[in-house]
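So for the sequence shown, the working numbering puts the first residue at 45; every next one is plus one.
Ideal Cβ placement from N, Cα and C applies to all residues, glycine included.
Predicted, not measured: the structure shown is a model, and the values here were computed from it.
Accompanying notes for the structure given below.
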Amino acid sequence: MSVENPSGDRAMRVTVWRLFFCQALMNLTMIGQATMGALIGRSLSSDIALATLPMAIQMAGSMTASIPASYVFARWGRRAGFLAGAGVSILASVAFGLGVYHQDFWVYCLGAALAGLSWGVAQHYRFAAAEAATPAYRPRAIALVMAGPVLSALFGPEIVKHTHQAFLPHVFLGTYIVMGLVPLATLVLLSGLKLPPLPARAKVATPLGDIIRRPTFVTAVVAGMVAYGTMNLAMTATPLEMQLCGFSISDSSTVVQLHALAMFAPGFFTGRLIQRFGVRPVIVAGALLTAVCVVVLLSGETFTHFAVGQAVLGLGWNFMFVGATSLQAASYAPQERVKAQAANDFIVFGTVACTAFLSGYVHARLGWSVLNLTLIPPLVAALALLAWQRARGTGRVAAAAR
């Protein structure tokens, strides 16, 4: 018989909400980058195909951070790792600002690398929420923390709109000055954060190969790869395409804002959907929504097409990625989490780094229509994997019944 612990439950929820706000603050720069990164890259680089290279470097930084960050968390704790990530975010804004001020593409890319490192650390807020929550509350805790960037979506593009011309002729310099101040608030929240102690290390560690061969882990990683990869392909080049269509920075900022809201606002109820319908149906729904986005974006190039298409894309990402995160959390034991989380983030953000560069390259060389069509094959592959594993599981149950 279980005994309720109201004070413990309250403390857990307070911790999850602190993580929610930390995630929101750390994503402000990332959503701002989605609005202006490709535009700045295009203005600073001599080759338009390199416009999204800073975004690719940023994602490569996230991939690079994934493995060492996990071991820092294991050695010194979650809070110490998150504090370091916030500090690196401040340095990233400084480098971004210097790159814009001196019109130096490679200094700007340095800022992208640092931003990627800090964002790679910030990806672990959802894992911290999973560890702090009770098993019953875990899907909602993960979804809630992943909804933190709703605040980023509301304020990030607005900061870009109102500060990008503050220090003309250095467009966007004012934005990076403001972005550099945001992590200071994160440091304040982290100073009072209380997280559960790390689980004891197993005397005999599970080999990484055993973890990554588990069907549930494979499904979670593939779903995460496809969710982030397809979203990144279509989103990264959107400000570039809108600029070619004659839209202003304010217009593209609004589209990114709608996209980001659709990515993160459903986090307030995605956990409930998973609890009610199961994780795999939610992932499938996300893949189908992403396919709908392709249809919308190929139907025209009005503001409405961009806005609706990117909003649907954001919703599809949310269902797929929250589902993938919940599935992954069920694929390993507590003492295996360091290896499992590091492997997951390394694979997922390695994919995102590649798609960030491919987005600009394909857009520059092959065009907007071809870029959007490239989303379809990975979606089909993810759905096929889910269907195969479901059939495999059903077959095993039937065999056991005989």
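With the rule of 3 Cβ pairs closer than 8 Å, the segment 167-175 does not count as touching the segment 275-283.
One Cα belongs to Arg409, the other to Ala93, and the distance between them is close to 7 Å.
Unbroken alpha helix (DSSP H) stretches of 4 residues or longer found wholly inside the segment 357-431: 381-409, 412-417, given in chain order. Phe199: member of the alpha helix (DSSP H) spanning 193-207, first to last residue. Gly273 is the residue among Gly273, Ala139, Phe64, Met70 whose C-alpha sits nearest the C-alpha of Pro422. Annotation: Ile327 to Arg257 spans about 20 Å, alpha carbon to alpha carbon. Judged by beta-carbon spacing, Pro213 lies beyond the 9 Å limit of Tyr152, meaning their Cβ atoms are not closer than that value. Between the alpha carbons of Leu284 and Gln372 lies a gap of roughly 34 Å. It is roughly 43 Å from the alpha-carbon of Val300 to the alpha-carbon of Ala249. The Cβ-Cβ distance between Ala78 and His303 falls below 9 Å.
Straight through space, the alpha carbons of Arg324 and Thr59 are spaced by roughly 28 Å. When the beta-carbon positions are compared, Val144 and Tyr220 come within less than 9 Å of each other. In the three-state reduction of the DSSP assignment, Glu175 falls in the helix class, which pools H, G and I. Distance between Gln319 and Gly141, taken at the CA atoms: about 44 Å. Between Leu233 and Arg123, the beta carbon gap of about 10 Å keeps them out of contact (Cβ cut-off 8 Å). With respect to Gly192, Asn71 sits close: the two C-beta atoms are nearer than 9 Å. Taking C-beta atoms as the reference points, Ala426 and Ala267 count as a pair closer than 9 Å. Looking from the CA of Trp163, the closest CA among Met103, His206, Ala173 belongs to Met103. Between Val132 and Leu154, the beta carbon gap of about 12 Å keeps them out of contact (Cβ cut-off 8 Å). Shown here, His168 sits in coil according to DSSP, grouped into three states, outside any helix or strand.
Between Val138 and Ala128, the gap from beta carbon to beta carbon reaches 9 Å or more. Per DSSP, the continuous alpha helix (DSSP H) segment holding Val300 begins and ends at 293-308. Judged by beta-carbon spacing, Val366 lies within the 9 Å limit of Gly315, meaning their Cβ atoms are closer than that value.
In this structure, Asn388 places its C-beta atom within 9 Å of the C-beta atom of Phe261. Within the same chain, and ignoring the five residues on either side of Pro240 in sequence, the residues whose Cβ sits closer than 7 Å to its Cβ are Glu175, Ala176. The beta carbon of Val382 sits closer than 8 Å to those of Ser114, Tyr115, Phe117, Ala118, all from its chain and outside the five residues before and after it, given in chain order. Annotation: the continuous alpha helix (DSSP H) that includes Ala100 extends over 97-120. Secondary structure of Val215 (DSSP, three-state): coil. DSSP places Glu285 inside the alpha helix (DSSP H), whose first and last residues are 282-288.
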